[in-house]
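Participant: Take this structure, written in structure tokens, and hold onto it; I'll ask about it next.
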Amino acid sequence: MTTDWNLTTLLAALGGVVLVGLLAQGWWSARKAGPRRAETIVPAGDRQEPSLGGAAGGGAGGGAKGESPVTLDGGADGEALDSRAMDLRALDERVPAMARARKASTRIDALIDAIATMTPESPVSGEMALSHLPGSRRAGTKPFHIEGLNADSGEWELPHPGQRYGEFQAGLQMANRSGALNEIEYSEFVQKIQGFADGIGAMPEFPDMLDVVGRARELDQFAAGHDAQLAIVLRARGAAWTLGFVHQGALRHGFVPGSIPGRLVMPAAEEGAPPVLTLIFDAQAALAEDPQASSLRELTLALDVLQTPEALEPFATWQESARNLARDFEADLCDDRNQILNLHAFQSIGQELSELYKSLAARDLAAGSPVARRLFN
Numbered sequence: 005m006t007t008d009w010n011l012t013t014l015l016a017a018l019g020g021v022v023l024v025g026l027l028a029q030g031w032w033s034a035r036k037a038g039p040r041r042a043e044t045i046v047p048a049g050d051r052q053e054p055s056l057g058g059a060a061g062g063g064a065g066g067g068a069k070g071e072s073p074v075t076l077d078g079g080a081d082g083e084a085l086d087s088r089a090m091d092l093r094a095l096d097e098r099v100p101a102m103a104r105a106r107k108a109s110t111r112i113d114a115l116i117d118a119i120a121t122m123t124p125e126s127p128v129s130g131e132m133a134l135s136h137l138p139g140s141r142r143a144g145t146k147p148f149h150i151e152g153l154n155a156d157s158g159e160w161e162l163p164h165p166g167q168r169y170g171e172f173q174a175g176l177q178m179a180n181r182s183g184a185l186n187e188i189e190y191s192e193f194v195q196k197i198q199g200f201a202d203g204i205g206a207m208p209e210f211p212d213m214l215d216v217v218g219r220a221r222e223l224d225q226f227a228a229g230h231d232a233q234l235a236i237v238l239r240a241r242g243a244a245w246t247l248g249f250v251h252q253g254a255l256r257h258g259f260v261p262g263s264i265p266g267r268l269v270m271p272a273a274e275e276g277a278p279p280v281l282t283l284i285f286d287a288q289a290a291l292a293e294d295p296q297a298s299s300l301r302e303l304t305l306a307l308d309v310l311q312t313p314e315a316l317e318p319f320a321t322w323q324e325s326a327r328n329l330a331r332d333f334e335a336d337l338c339d340d341r342n343q344i345l346n347l348h349a350f351q352s353i354g355q356e357l358s359e360l361y362k363s364l365a366a367r368d369l370a371a372g373s374p375v376a377r378r379l380f381n
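Per my numbering, the sequence shown starts with residue 5, numbered consecutively.
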């Protein structure tokens with residue numbers, strides 16, 4: 005009886021142990037399969053934030069051992085940042101200007117030029133480029149320019165000794181007062197540029213000839229319908245004038261001797277700009293050995309409208325100069341048909357010029373601009 009009870013007790017205890025083990029295993033499996041729980045949060049007073057001020061947060065609580073807070077003002081770390089910034093600026097200065105920015109040309113403009121481009125295999129010296137330039141930069145009656153892109157400044161310029169150029173371009177003017185560019189002139193341009201490109205080891209790219217000639221004709225048609233050159237004749241009422249008298253009177257009103265005999269000019273305020281007005285007389289009288297022996301009865305006061313900006317009011321200057329000279333020289337103001345001009349005639353011309361200025365500006369060919377001065381020349 006005792007033996008049976010002991011066996012029964014032993015089996016019950018063993019079953020209990022097994023049951024407890026099964027319950028513990030189930031609990032552990034359930035915990036692993038359950039959602040992840042948040043880690044224990046460190047109290048705010050024990051946390052160390054990165055410092056932007058340098059001294060704050062230093063000492064024993066200043067982050068991990070051997071590390072310093074990030075600073076932006078002063079100290080060794082600030083000097084390191086300044087050093088890195090200087091290194092970046094120095095690197096930017098070493099980058100060729102041609103790779104950073106490219107400035108537009110002031111001599112070549114796609115509005116009125118056919119442009120050929122050339123890229124040599126390596127930068128070309130200014131001396132080499134100059135040695136291969138064509139002897140004449142004209143193709144028939146049309147001028148052209150050859151420019152290089154300066155590897156240091158990033159500017160398009162005429163080749164200069166001591167400089168290096170990574171690219172070149174040649175611009176052929178498509179129209180001027182001689183007319184539109186034609187196929188023969190364009191072929192001459194291609195031949196000259198090809199020779200230059202061969203000399204500097206570059207492969208030129210030319211625009212299509214038919215396209216260029218078509219654009220040239222359209223541009224010439226526009227220019228012909230918007231050109232304006234005004235001229236008024238001063239005719240002596242009585243005695244003729246000597247050359248010395250004309251010079252003396254014109255100088256009082258701002259004229260100076262021009263580069264061509266028989267012309268006095270009123271210079272523009274802008275250096276290098278064309279003259280505002282031109283006073284024209286007989287060239288033979290201008291070349292006479294004795295200026296007092298020559299006599300003049302007519303002078304022509306000319307205004308090339310497209311060479312001076314509208315803002316400078318060249319038309320008003322032309323009118324005022326004509327009246328002042330007519331008064332001093334005792335002359336009549338006449339047109340090319342010998343008709344005396346009155347105030348109404350000047351007003352009519354002024355209205356027409358106002359519309360002309362608007363049309364030119366709408367085409368990006370404003371009077372007095374570099375492209376207008378080249379086109380109407």
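C-beta atoms are modelled at their ideal positions from N, C-alpha and C, and glycine is treated no differently.
All of these numbers come straight from a predicted model, not from anything done at the bench.
1) Any idea what DSSP makes of Phe-200, helix, strand or coil?
2) Take Ala-254 and list the residues in its own chain whose beta-carbon comes closer than 8 Å to its own, dropping the five residues that flank it on each side.
3) Please classify Met-178 as buried or exposed, where buried requires at least 16 other C-beta atoms within 10 Å of its C-beta.
4) Out of Thr-246, Arg-256 and Asp-332, which has the shortest C-alpha to C-alpha gap to Gln-288?
5) In the DSSP assignment, what residue or residues form a beta bridge with Asn-154?
6) For Gly-199, which residues of its own chain have a beta-carbon under 8 Å away from its beta-carbon, when the five flanking residues on both sides are left out?
7) Tell me whether the beta-carbon of Ile-236 lies closer than 8 Å to the beta-carbon of Ala-320.
8) Taking only the alpha-carbon atoms, compute the straight-line gap between Glu-161 and Ala-120 and give it to the nearest angstrom.
9) If you reduce the DSSP assignment to three classes, tell me which class Ile-112 lands in.
10) Taking C-alpha atoms, which residue in Arg-181, Leu-176, Pro-163 and Ala-143 lies nearest to Ile-204?
11) Which whole-angstrom value describes the C-beta separation of Phe-143 and Phe-172, a residue pair presumed to lie in contact below a C-beta threshold of 8 Å?
12) Please report the distance separating the alpha-carbon of Leu-369 from that of Val-375.
13) Work out the CA separation of His-230 and Gly-183 for me, nearest whole Å.
14) Span of the alpha helix (DSSP H) holding Thr-312?
15) Would you tell me roughly how many angstroms separate the C-alpha atoms of Arg-141 and Phe-193, rounded to the nearest one?
16) Please report the straight-line C-alpha distance between Val-99 and Val-260, rounded to a whole angstrom.
17) Just the C-alpha distance for Phe-210 and Ala-290, rounded to the nearest angstrom, thanks.
18) Gly-262: which of Arg-256, Met-132 and Leu-281 sits nearest, CA to CA?
19) Measuring from the CB of Lys-146, is there a heavy atom of the ligand GDP at a distance below 7 Å?
20) How many angstroms separate the CA atom of Ala-220 from the CA atom of Pro-147?
21) By DSSP, does Gly-183 sit in helix, in strand, or in coil?
22) Does Ile-45 pass the burial test, meaning 16 or more other C-beta atoms within 10 Å, or should it be called exposed?
23) For the candidate residues Gly-130, Asp-224, Gly-166 and Met-270, whose alpha-carbon lies nearest to that of Leu-381?
24) Could you give the first and the last residue of the continuous beta strand (DSSP E) run that contains Asp-117?
25) If I follow the unbroken alpha helix (DSSP H) through Arg-221, where does it start and stop?
Facilitator: With the structure as the only source:
1) helix
2) Leu-268, Leu-283 and Leu-329
3) buried
4) Thr-246
5) Tyr-169
6) His-136 and Pro-138
7) no
8) 15 Å
9) coil
10) Pro-163
11) Correcting the residue type first, residue 143 is Ala in the shown sequence and not Phe. Actually they do not touch by this definition, with Cβ atoms about 17 Å apart.
12) 6 Å
13) 14 Å
14) Careful: Thr-312 lies outside any alpha helix (DSSP H) and carries neither H nor E.
15) 9 Å
16) Annotation note: pLDDT 46 at Val-99 (below 50); position unreliable, no value reported.
17) 47 Å
18) Leu-281
19) Ligands displayed in this structure: none; no statement on the ligand GDP is therefore possible.
20) 14 Å
21) strand
22) At Ile-45, the pLDDT of 45 sits below 50, so the modelled position is not reliable; the number obtained from the coordinates is stated separately. Exposed, because fewer than 16 other Cβ atoms sit within 10 Å of the Cβ of Ile-45.
23) With the sequence shown as reference, residue 381 is identified as Asn, and Leu is not the correct amino acid for it. Selected option, being the one with the closest Cα: Asp-224.
24) 117-124
25) 213-230
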